[in-house]
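Enquirer: Each residue of the sequence shown is one higher than the last, beginning at 9 in my numbering. C-beta atoms are modelled at their ideal positions from N, C-alpha and C, and glycine is treated no differently.
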Amino acid sequence: MSMIQVIQWSVPVEHADRAVGVLTAQTPHGWEEEQAGGTVFYRVHLVESAAARAVVQALEGRIPGAVVSRSEAEDKDWALAWKEFFTPIASGQRFMVLPPWLSDTDTEGRQAIVIEPRTAFGTGHHATTALCLEAVSDLMDASRLDTSGAFLDLGTGTGILGLACTLLGMTGLGLDIDPLAVENAAANRILNNVPPEAMALATGSLDALAPGRTFHLVLANILANPLKAMARDLAARVAPGGSLVLSGILAEQAQAVAAAYRELGLEGPDVRTKGDGDIWSALIYSRP
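1) Residue 191 lies in the alpha helix (DSSP H); which residues open and close that run?
2) Kindly give me the distance between the Cβ atoms of residue 34 and residue 74, rounded to whole angstroms, as I take these residues to be in contact under 8 Å.
3) Among the candidates 246, 269, 280, 268, whose CA atom is the shortest distance from the CA of residue 259?
4) As a quick exercise: from 176, 216, 48, 170, pick the residue whose alpha carbon is nearest that of residue 204.
5) For residue 145, which of helix, strand or coil comes out of DSSP?
6) So for residue 61, helix, strand or coil by DSSP?
7) Identify the continuous beta strand (DSSP E) that holds residue 48 and give its terminal residues.
8) Leaving aside the five residues before and after residue 77 along the sequence, list all residues of the same chain whose C-beta is less than 8 Å from its C-beta, in chain order.
9) So the candidates are 231, 21, 42; which of them puts its Cα closest to the Cα of residue 72?
10) Would the region 235 to 255 and the region 173 to 191 be scored as touching if the rule is three or more Cβ pairs under 8 Å?
11) Nearest to residue 340 by alpha carbon, out of 293, 244, 202?
12) Counting only runs that start and end within the region 222 to 279, where is the alpha helix (DSSP H) found for 4 or more residues in a row?
13) Tell me whether the region 130 to 146 and the region 168 to 182 touch, counting them as touching only if at least three CB pairs, one residue from each stretch, are closer than 8 Å.
14) So, with DSSP's three-state summary, where would you put residue 43?
15) Going by the CB atoms, is the gap between residue 284 and residue 28 shorter than 9 Å?
16) Return yes when the Cβ of residue 181 is within less than 9 Å of the Cβ of residue 214, no when it is not.
17) Can you name the residues that DSSP bridges to residue 20?
18) Straight-line CA distance for residue 195 to residue 247?
19) Do residue 290 and residue 136 have their C-beta atoms closer together than 9 Å?
20) Distance, Cα to Cα, residue 79 vs residue 177?
21) Looking at C-alpha atoms only, which residue of 26, 54, 124, 132 is the closest neighbour of residue 107?
22) Can you tell me which of 157, 96, 122, 50 puts its alpha carbon nearest to the alpha carbon of residue 223?
23) Our contact map puts residue 102 next to residue 145 with C-beta atoms below 8 Å; I'd like the distance itself, whole angstroms only.
24) Taking only three categories from DSSP, how would you classify residue 180?
25) Can you tell me where the beta strand (DSSP E) holding residue 172 begins and where it ends?
26) Report the rounded CA-to-CA distance for residue 210 versus residue 50, giving the unit in angstroms.
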């Protein structure tokens, strides 16, 4: 039986922003968070021991007053925990995200995206994923998506955003630098009866693409700093008439990210926000 690394810690509320900064740099798959009084509690699950050690060292080294513990849990316990937590999530007017054990849920006319939650990020519960799904839904409703065009889902995680695009009739590519995320996305592709030719998957980032290849819809739900660093290269992947959706951005980071995309030939951004506690943003651009 494989084991999952479980890291739990608490920090004084005045250091919560710094803790989130460490987490966004160290954990690609998201985390659990809750606040009680003047303390914020976090929990993250990781597959690799080396990654778990790196997170613990970063937290202990950079966050004043952090109380950190590390343990192991069987992979089956991870799955059982998800069954208690995972509820159907309606996103926009078009999508509902469901786990396999709730696949017979009434979707209220929305298209079902079935996700087997494991360690890859993207179940629809986090505000950044929800923002991206709502953006895709709204772009379709506004007749701004050409379903004959291709999509790029950069940082695909569970594959949820790319799968949403295939439900609209698009074809494209999901990329992730984490091989385990690509494996998870491939499993979810099967669950949703999506053939590989409709949604190809590969390990890597923009450097995995052929030079000059562009897409009608580019989705990048990553983190603020990588989005700023790759701004010119990422914007260049948006085809004329296409759209770019960026997320993984805390609300206070949105202005700096938007500045990196200024003067790159894109119109926008349309800024959306969502979240309880931490407020997250999505930036939506179009290329004339």
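Expert: Quick answer:
1) Numbered from 1 along the sequence shown, position 183 holds the residue referred to as residue 191. It spans 187 to 199 - the alpha helix (DSSP H) in which residue 191 sits, taken as one unbroken run.
2) As a first step, residue 34 must be located in the sequence shown, where it is residue number 26. As a first step, residue 74 must be located in the sequence shown, where it is residue number 66. With 8 Å as the limit, residue 34 and residue 74 do not qualify as a contact, their Cβ atoms being about 13 Å apart.
3) Taking the sequence shown and counting its residues from 1, the one referred to as residue 259 is at position 251. Minimum Cα distance to residue 259 is reached at 280.
4) Indexing the sequence shown from 1 puts residue 204 at position 196. The option with the nearest alpha carbon to residue 204 is 170.
5) In the sequence shown, counting from the first residue as 1, residue 145 sits at position 137. If DSSP states are grouped into helix, strand and coil, residue 145 belongs with the helices.
6) The residue you call residue 61 lines up with position 53 of the sequence shown. Looking at residue 61 - three-state DSSP - the assignment turns out to be helix.
7) Indexing the sequence shown from 1 puts residue 48 at position 40. 47 to 54 is the span of the beta strand (DSSP E), which, as asked, contains residue 48.
8) Translated into the one-based positions of the sequence shown, residue 77 becomes position 69. Result list for residue 77: 15, 16, 17, in chain order.
9) The residue you call residue 72 lines up with position 64 of the sequence shown. Checking every option, the nearest Cα to that of residue 72 belongs to 21.
10) The region 235 to 255 vs the region 173 to 191: no contact.
11) Nothing in the structure corresponds to residue 340, since the chain is present only between 9 and 296.
12) 232 to 237, 239 to 243, 262 to 268
13) Touching, yes.
14) For this step, residue 43 is matched to residue 35 along the sequence shown. In this structure, residue 43 counts as strand in the three-state DSSP scheme.
15) Working through the sequence shown from its first residue, we reach residue 28 at position 20. Working through the sequence shown from its first residue, we reach residue 284 at position 276. Their beta carbons are not under 9 Å apart, which means residue 28 does not touch residue 284 by this criterion.
16) Translated into the one-based positions of the sequence shown, residue 214 becomes position 206. Translated into the one-based positions of the sequence shown, residue 181 becomes position 173. Taking 9 Å as the cut-off, the beta carbon of residue 214 is found no closer than this to the beta carbon of residue 181.
17) The count along the sequence shown starts at 1 and reaches residue 20 at position 12. DSSP lists 47 as partners of residue 20.
18) The residue labelled residue 195 in the question sits at position 187 within the sequence shown. The residue labelled residue 247 in the question sits at position 239 within the sequence shown. Going by the C-alpha atoms only, they are around 29 Å apart.
19) Residue 290 sits at position 282 when you count from the first residue of the sequence shown. Residue 136 sits at position 128 when you count from the first residue of the sequence shown. In this structure, residue 136 lies closer than 9 Å to residue 290 by Cβ.
20) Translated into the one-based positions of the sequence shown, residue 79 becomes position 71. Translated into the one-based positions of the sequence shown, residue 177 becomes position 169. Roughly 44 Å separates the two Cα atoms.
21) Mapped onto the sequence shown, residue 107 falls at position 99. Checking every option, the nearest Cα to that of residue 107 belongs to 124.
22) Here residue 223 refers to the residue found at position 215 of the sequence shown. Of the listed residues, the one whose Cα sits closest to residue 223 is 157.
23) Here residue 102 is taken as the residue at index 94 of the sequence shown, counted from 1. Here residue 145 is taken as the residue at index 137 of the sequence shown, counted from 1. The Cβ separation is near 4 Å, so the contact holds.
24) Position 172 of the sequence shown, counted from the start, is the residue given in the question as residue 180. Strand.
25) By 1-based counting over the sequence shown, the position of residue 172 is 164. Per DSSP, residue 172 is not a residue of any beta strand (DSSP E); the alpha helix (DSSP H) it occupies stretches across 168 to 175.
26) Here residue 210 refers to the residue found at position 202 when the sequence shown is read from its first residue. Here residue 50 refers to the residue found at position 42 when the sequence shown is read from its first residue. Straight-line spacing of the CA atoms in residue 210 and residue 50 works out to 31 Å.
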